[in-house]
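Input: a single structure, listed below in structure tokens.
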Amino acid sequence: MTIRLPGSEGGLRTYEPRTEPLALAPGTPFTSRTVFSAAHVVADPFADTNPDAPAAVDWDATLAFRRHLWSHGLGVAEAMDTAQRGMGLDWAGAAELIRRSAAEARAVGGRIACGVGTDQITGGSLAEVRAAYEEQLALVEESGAQAILMASRALAATAAGPEDYLDVYGHLLRQAAEPVVLHWLGPMFDPALEGYWGSSDLDAATDTFLEVIAAHPDKVDGIKVSLLDARREVDLRRRLPQGVRCYTGDDFNYPELIAGDEQGFSHALLGIFDPLGPLAAEAVRVLDTGDTAGFRGLLDPTVELSRHLFQAPTRFYKTGVVFLAWLAGHQSHFTMVGGLQSARSLPHFARAYELADGLGLFPDPKLAEDRMKTLLALYGVDQ
8 MTIRLPGSEG GLRTYEPRTE PLALAPGTPF TSRTVFSAAH VVADPFADTN
58 PDAPAAVDWD ATLAFRRHLW SHGLGVAEAM DTAQRGMGLD WAGAAELIRR
108 SAAEARAVGG RIACGVGTDQ ITGGSLAEVR AAYEEQLALV EESGAQAILM
158 ASRALAATAA GPEDYLDVYG HLLRQAAEPV VLHWLGPMFD PALEGYWGSS
208 DLDAATDTFL EVIAAHPDKV DGIKVSLLDA RREVDLRRRL PQGVRCYTGD
258 DFNYPELIAG DEQGFSHALL GIFDPLGPLA AEAVRVLDTG DTAGFRGLLD
308 PTVELSRHLF QAPTRFYKTG VVFLAWLAGH QSHFTMVGGL QSARSLPHFA
358 RAYELADGLG LFPDPKLAED RMKTLLALYG VDQ
């Protein structure tokens, strides 16, 4: 088994794939960390649609992938901003996804948390932003899922300063039925969120973020930080009120953040735990035993793949995620909502295949090799 892959410098090189995957079976629930995977949506490849039209979703395959994650003990973070929304899936599609996934979670006993945003509007007054948040919060709560209050493009465009963030988030937290997760998404994931919390100075923004939490600690289960800055996350984690958890969203530095230090650790809500699901679950179970070195031994080698998938423009990381799901046999095609399968280059796909194969992520290495060769053929690469 050999395959000719394009390199970043041009030309072709020969790669010899693995013949055996890692043996990663479902196991017991986690005891030391709460871990969510921001799961991707499977597009319907037979729908007659276009990038400007509402997303056409293959619901059977989408829910089957969630059952795969739940079977390994992972929670599912559904209808999230970077994984789905604002980049292919509109609010109507997200609402349907929330309803279906929450019902599936109840049926199989899976843990689920769902994103609450304002993407049914593109701008407006603070009152309109609040109303948009309220509509989505009501739907998530009615579904029985935990709410994740996501960063809002509309609020970023409307807010005059920190006081507007304090007002909007305070209003939402006061009416939330159960504690929520607050999500701070950096502009590397979504440029429209530059200056969130009222300042482009991250120190000033952090102070406002912490002020929101300090005013309503009983309504904040935790925070998800997606700034790709491990030092800042650790500093922020240490400043949280007692009982408020930090869920890392740092797809560059997650092993060290989840492992933690003498002063604490991060839980996880990560896009990279979509393709890494079974391996990440195995690593967390090792950590549950107190074996931090064993945990790092399993998870540290995955960072190169994660940094590759999340390289700039970071918002296109999901293209690699769906590509790997196709190679792994979780879906029958490599088609994405919004046509985003075109957002990465052939050398990028080739390196993603090589790194994932080296980690043993493909349950059927021969299937992955055949599908990689199919993609290469479409680009004119003869084997």
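Those letters in the sequence shown? Residues 8 to 390, by this note's numbering.
Positions of the beta carbon are idealized from the N, C-alpha and C atoms, including for glycine.
Within the same chain, show all residues whose beta-carbon is closer than 6 Å to that of residue i, passing over the 5 residues directly before and after it, in chain order.
i	result
residue 332	338
residue 239	none
residue 180	223, 226
residue 386	353
residue 262	303, 306, 307
residue 298	none
How should residue i be labelled, buried or exposed, when 16 other C-beta atoms within 10 angstroms of its C-beta is the threshold for buried?
i	result
residue 8	exposed
residue 359	buried
residue 373	exposed
residue 285	buried
residue 393	Any question about residue 393 goes unanswered here, given that the chain covers just 8 to 390.
residue 111	buried
residue 153	buried
residue 156	buried
residue 309	buried
residue 53	exposed
residue 30	exposed
residue 158	buried
residue 296	exposed
residue 205	buried
residue 113	exposed
residue 151	exposed
residue 278	buried
residue 210	exposed
residue 375	buried
residue 245	exposed
residue 281	buried
residue 390	exposed
Excluding the five sequence neighbours on either side, which residues of its own chain have a C-beta within less than 7 Å of the C-beta of residue i, listed in chain order?
i	result
residue 392	This structure cannot speak to residue 392, because the chain is shown only from 8 to 390.
residue 92	86, 101, 122, 124, 126
residue 194	200, 201
residue 346	58
residue 379	10, 334, 360
residue 146	102, 105
residue 222	177
residue 115	74, 77
residue 144	123, 154, 179, 183
residue 370	28, 335, 336
For the alpha helix (DSSP H) that residue i lies in, which residues bound it at each end?
i	result
residue 391	This structure leaves residue 391 out entirely; the chain is present only between 8 and 390.
residue 386	Looking at the DSSP string, residue 386 is not in any alpha helix (DSSP H), and its letter there is neither H nor E.
residue 73	66–78
residue 299	299–306
residue 330	324–334
residue 31	Neither: residue 31 is in no alpha helix (DSSP H) and is coded neither H nor E.
residue 112	98–115
residue 313	310–316
Short of 8 Å in beta carbon distance, which residues of its chain neighbour residue i, apart from the five on each side in sequence? Order them along the chain.
i	result
residue 305	286, 289, 290, 293
residue 72	46, 47, 49, 332, 337, 338
residue 34	79, 80, 288, 289, 292
residue 63	50, 51, 54, 56, 344
residue 137	175, 178, 179
residue 173	215, 218, 219, 222
residue 171	133, 162, 165, 205
Looking at the secondary structure, which residues open and close the beta strand (DSSP E) in which residue i lies?
i	result
residue 54	No beta strand (DSSP E) contains residue 54, which DSSP labels as neither H nor E.
residue 44	42–45
residue 123	119–123
residue 11	10–13
residue 21	19–22
Is there a Cβ from chain D that is less than 7 Å from the Cβ of residue i?
i	result
residue 197	Of the protein chains in this structure there is only one, and it is not chain D.
Three or more C-beta pairs below 8 Å linking the stretch 18–36 and the stretch 312–321: no
Kindly confirm or deny that the stretch 254–271 and the stretch 213–221 touch, where touching means at least three C-beta pairs closer than 8 Å. no
Which runs of the alpha helix (DSSP H) at least 4 residues long sit entirely within the stretch 197–285? Give them in chain order. 209–222, 237–245, 261–266
In chain order, which beta strand (DSSP E) runs of at least 3 residues are fully inside the stretch 126–196? 153–156, 187–192
Three CB pairs or more closer than 8 Å across the stretch 10–21 and the stretch 266–273: no
Length at least 4, wholly inside the stretch 343–377: the alpha helix (DSSP H) runs in chain order: 353–365
Check whether the stretch 181–198 touches the stretch 220–233, taking contact to mean three or more Cβ pairs, one atom from each stretch, closer than 8 Å. yes
Tell me, please, whether the stretch 132–144 touches the stretch 160–172 by the rule of three or more beta-carbon pairs shorter than 8 Å. yes
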